[in-house]
């Protein structure tokens, strides 16, 4: 067995930089609570102006104002690790994320497929560089040693035990993968490298150090194996159909769409899950994909339903350019729980259940056209209604049920004022300060309305709503 | 009868609710022709004294009250009709506050006393009669139903229902305003404070915001539109009934301090006579005798005996516990206080012209003020004694009202307006640390903000309004109020954040205004150090010194001070002080008093330092603005340096009464925050012009008064401090080993680290011995050494991360028997792995286990011994093949584990390299002529940017011979920011400036040489 370790020394930074056009201007990643932001990682340009990981943001700003910042995001890092593992999985079936920020892969068994190591390595590096990740690669007869060597080497290949021992002997104790306490203890005893440590009698060492230290020593020398969890490709559905010609009409897209949704349904059935959200990508030449987002209220997997829903949405889309390929990606694959129906379904034949009606309306009219209504804590009436908020709050009975989108002047002469004024002064914080006296009025025809006059104004009353 | 009195009004002492100060409220109420104004902050009387002051200024009667919500009960506004009512209110608040953590309250129905005589109640009911019966019983004939209309959704309906309720309960109803701000214009600030209180951005706080700005002091016409006339008229009935005035409060001194059979006067005389006999065993000198008689008669006349007796009682107890203390402040430096041991400053010997009367004046109707400093580490004992002696009911700490500074205000406002945390921090950074002004447009632009952005403008306007508002109450570090009656009858008492502490709701200015007695029990690290030093000397030499017995006016001590050889000395050890010492060359005690006072922001900003210096060195004639001011300014060569001098000047040259002069002092301390110096300027100017003073002189004096600002340093404090300065200087001069030892054992304190203190003492040829478990105690100690001075043995406390308990067990075990080997040490002193590793790494096991590497190896191999094998010899192992630590390794480990090294200074090792770089040492620098170009290098031990020096940073470099003072101007620092801020070992190319014997290198170019340090060792590690 031969193990390669690919270490990503700047994983978080590279993950951020690959999205940025200005990769060469100073950038620092920030972590820590808002009161004490700390630089977690810096790119070379930032390093050049004196920024260092571990500095406080305040200290860094004292040095320079000319650097950009981004959040250090552990979730992102996990994502990149998965991506990189998936990439390595294309080369070897034994890929492990055992150590953070690096990949271990068994390479001996792949040499027959990918050619001798130098060629294999070149290909790996090419692929990683294309993805935008800096890396160091070492090869050793056991995974622990490969990992340790990657701390100080790049490109080192060791295939036999003697050479390994030679290479390890010189490594400083801080880099040998011991806990910080053990490493400190060794160095405080003057045992600054592996050779010096191994020169001590084993029982003397075992009296002084916890068992993990000896285990790590054994692993480095290959005496004891390292148990690894191997990477499994993620559970997502993603399928792409390249079209043979430039498609300009919706009609021509329906066939591939039917295939994709059918495959998705089959895949879902195979793993006994449903899909709640998926995206249909329409790929164009030299421009970003058009996307059709499909969201469902609950997990579904019925092929025809998936197709119908997607078609409804697709047909609303204006194709900005010819389509070259369609791709369906589904990530949200929850378990499928079929709805239980009563034996004798009592619903009338033609009526739709509310959920399906709502979905149908949303699909036909668009997400924007159908929404709930709820109260929002703002004294300004026009802001007291919200169409997004999902937590319904009771609406005061003294507020009209129908609020006009635009208040309009009330020209009627014989108004009867029933109540008021109620004064509302609020909203200075967003530049839209409102200062009004509101009255409940009754028109000649007996309609009750809600009208206001700006404070200090002499103008007509402005009608703002009607009571039911 | 027309008119209106507002009976429910919050000031900004209802924290994060009230959006106007009492001053603003009273001024507006007066303008609107209100008949009276009640300040009813929520369950607090913290703002009452300020409201009282504002009410007197505005000529509008104050009604003292408080708004409170009874738990599971009604919301009430309680108003003090008479003194008994005030006392009941204060006690109620105390009960409600003491029950909960700081900042909250819980008022229960059962808290109300059986009799609420003198207390009126306004019930703010919510349409529900259920609480009426007990309220009516409790406040029979003194209960009203308060109706508050704010142009809400249905005012007419509300009024109707409330009137029905009043009728149903047979209660009189009245109008009140629920006022949260003086004028409608504060609506934004009030919303903002609400959002701050709920930790929400304003945009999300809608549910908590008031729907409009009606909760202000409204005009009479507006009120008349809303309320029937009888509801308005009813408020006047209450206003007429409430005759209580804060001035009616009477304070009584505690009785304990006078034993039975004595009057306060006779007992004070007795104690002073005893003290005088003890101070002057050979007979009281005539001068002292006459001072005593004079002071005692003044004290008797002003009836301040109990105050002196109370302070004496505290000091007496402390002395019995061998706690070192020293009084300061007005009245402290009197002969009486000297006799009572409140101060060690002998007024007959100092040669100063300080007069007791200056500190205690007939005209100023205000109690004397004595602050007592105690040893830092033992002050808590004194505090607990006071609580014990007078009981928690009768003794409490004074409050400190923490107000919004610019940074805090901008932070809260920006957060409330929804700015992201990074920007909030950046905005706060744009404000100076203690600034009281919103950041300037330039500063904001510099930090990348657009000052014209509407959101930012809103932030700045609101910040400007919020600055100076009280934010919360905190505890004074040691200001005690002690009274004969339970304090809660005088002022509410609440819990402090610190467990076991109770705090009254008034701060020291409030107490001053009401004439309550206060004793400041403060702490001073130097007193701890002096105590330790006296102990060390006594143990080593058998001589016991005290502050009073140290030889006075010792020329050797003054010579040392004039050389600026003052590392570790009290007050005059900072770099600014050290630069000044060779120029001022103090020769007498009073010179020290000036020295202590002159290097302070006040005199520096008022530009008094240089005139004084020139006059003292004879390069400028000493002259006085007028003959009558000669006695005032004589002792400071015509330059005003002390607060007292400004007050005297006002009295003599501008015909202030002593009381007015005292008001001037107060204004000086507060003008930065509150303004209010303008009328003094006019008054001083007019009167002094009349008397023929030069306008230029008047202008300068006034600038100096402003310069004193919050930093004004009174002569009386300076004198007390100077005594400690002299004592510490004398000890450093004559007992340098003991002094250094005591300083380190009292660390953290002062400007210098133990490393710097030890280097200093070694430069004075005193031997310092390494930590060694065979000899070291927890503290550093003295061992027989050189001919005169003992050697210093470093204590185990020097070892980073060492615990005192471990060290004490080592001491005990060693006293029983010397340690034979490491195992013996570890087992007998019961040292765990952490302690052994610390000892081994620090080199403290050298004598038992060899070098650090061997020691660490050895301690790691020692296993807990089972009882069965107790006493067996350690397991025999083959000696390990461990390399010995290198020179560089030892140096690094010394710094990492002890913070200092006894080996060569790192720069000794680098000197050769530095010489090839043509860097001079601090020693060579002494022989270089001024204005020459020089290069120097050293470890950066200090970077100071004084507020008083614009744009200059003072950098202190240390090398093997001492310190090098470097001045870095702003442009150099900006240009080489990174090198300037990050170098550990810094090279400076520049030129040498010499003035009055002080050498500065003015930096032209900076170079980071830190890499050389790393070269001393394979590992790179922080040095400091």
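Residue numbers (our numbering), protein chains in the order written: chain A, 1 to 468; chain B, 469 to 1492.
Backbone N, C-alpha and C define an ideal beta-carbon position, used for all residues, glycine too.
The beta-carbon distance between residue 971/B and residue 953/B, rounded to whole angstroms, is 18 Å. This is too long to meet the 8 Å contact definition. Here residue 666/B really is in contact with residue 673/B; their C-beta atoms are around 6 Å apart, less than 8 Å. In the same chain as residue 49/A, and ignoring 5 residues on each side of it, the C-beta atoms closer than 8 Å to its own belong to 26, 63, 64, 66, 67, in chain order. Ranking 1360/B, 1298/B, 1346/B by CA distance to the CA of residue 1309/B puts 1360/B first. Of all residues in the region 198-220 of chain A, only 199, 200, 201, 204, 207, 208, 209 come within less than 8 Å of chain B when Cβ atoms are compared, listed by chain position. Between the region 748-755 of chain B and the region 781-793 of chain B there are fewer than three inter-stretch CB-CB distances shorter than 8 Å, so the stretches are not counted as touching. If you draw a straight line from the Cα of residue 741/B to the Cα of residue 772/B, it is about 17 Å long. Comparing alpha-carbon positions, the option among 1374/B, 1345/B, 969/B, 1320/B lying closest to residue 1351/B turns out to be 1320/B.
Residue pairing by DSSP puts residue 543/B in a beta bridge opposite 537/B, 592/B.
Using a Cβ-Cβ cut-off of 8 Å, residue 378/A counts as an interface residue toward chain B, since at least one Cβ of chain B sits closer than that to its own. Taking 8 Å as the cut-off, the Cβ atoms of residue 1382/B and residue 1364/B do not count as close. Spanning the alpha carbons of residue 1296/B and residue 1240/B requires a straight line of approximately 16 Å. Residue 88/A and residue 311/A have their C-alpha atoms roughly 37 Å apart. A residue is called buried once 16 or more other Cβ atoms fall within 10 Å of its Cβ, and residue 146/A is buried on that count. Cβ contact annotation for residue 1478/B (same chain, cutoff 7 Å, sequence separation greater than five): 1451, 1452, 1453, in chain order. At a cut-off of 8 Å between C-beta atoms, residue 1321/B counts as an interface residue with respect to chain A. When 475/B, 938/B, 1330/B are compared, the shortest CA-CA separation from residue 485/B is found for 938/B.
Looking at 1065/B, 981/B, 1162/B, the one whose alpha-carbon comes closest to that of residue 1131/B is 981/B. Residue 250/A sits in a helix when the DSSP states are folded into three classes. Under the DSSP definition of a beta bridge, residue 138/A partners with 5/A. Residue pairing for residue 326/A: DSSP places it in a beta bridge opposite 241/A, 282/A. Note that the C-beta distance between residue 438/A and residue 421/A is below 8 Å. At a cut-off of 8 Å between beta carbons, residue 926/B contacts chain A.
Going by C-alpha positions, residue 1251/B is about 11 Å away from residue 1007/B. Beyond the five residues adjoining it in sequence on each side, residue 735/B comes within less than 7 Å, by CB distance, of 726, 727, 777 in the same chain, given in chain order.
For residue 44/A and residue 82/A, the gap between their C-alpha atoms comes out near 25 Å. Under the 8 Å criterion on CB atoms, residue 621/B is classed as interfacial with respect to chain A.
Rounded to whole angstroms, the gap between the alpha carbons of residue 844/B and residue 1262/B is 22 Å. If one requires a minimum length of 4 residues, the alpha helix (DSSP H) runs lying completely within the region 667-715 of chain B are 688-694, 697-709, in chain order. In the DSSP assignment, residue 811/B forms no beta bridge with any residue. Counting the other CB atoms within 10 Å of its CB gives residue 1171/B a total below 16, which places it among the exposed residues. Taking C-beta atoms as the reference points, residue 241/A and residue 325/A count as a pair closer than 8 Å.
If you draw a straight line from the Cα of residue 284/A to the Cα of residue 405/A, it is about 40 Å long. Between residue 431/A and chain B, the shortest Cβ-Cβ separation is below 8 Å. The beta carbon of residue 1197/B sits closer than 6 Å to the beta carbons of 1025, 1029, 1037 from its chain, once the five residues preceding and following it are set aside; these are given in chain order. Each residue's CA atom was taken as its position, placing residue 546/B and residue 611/B some 10 Å apart.
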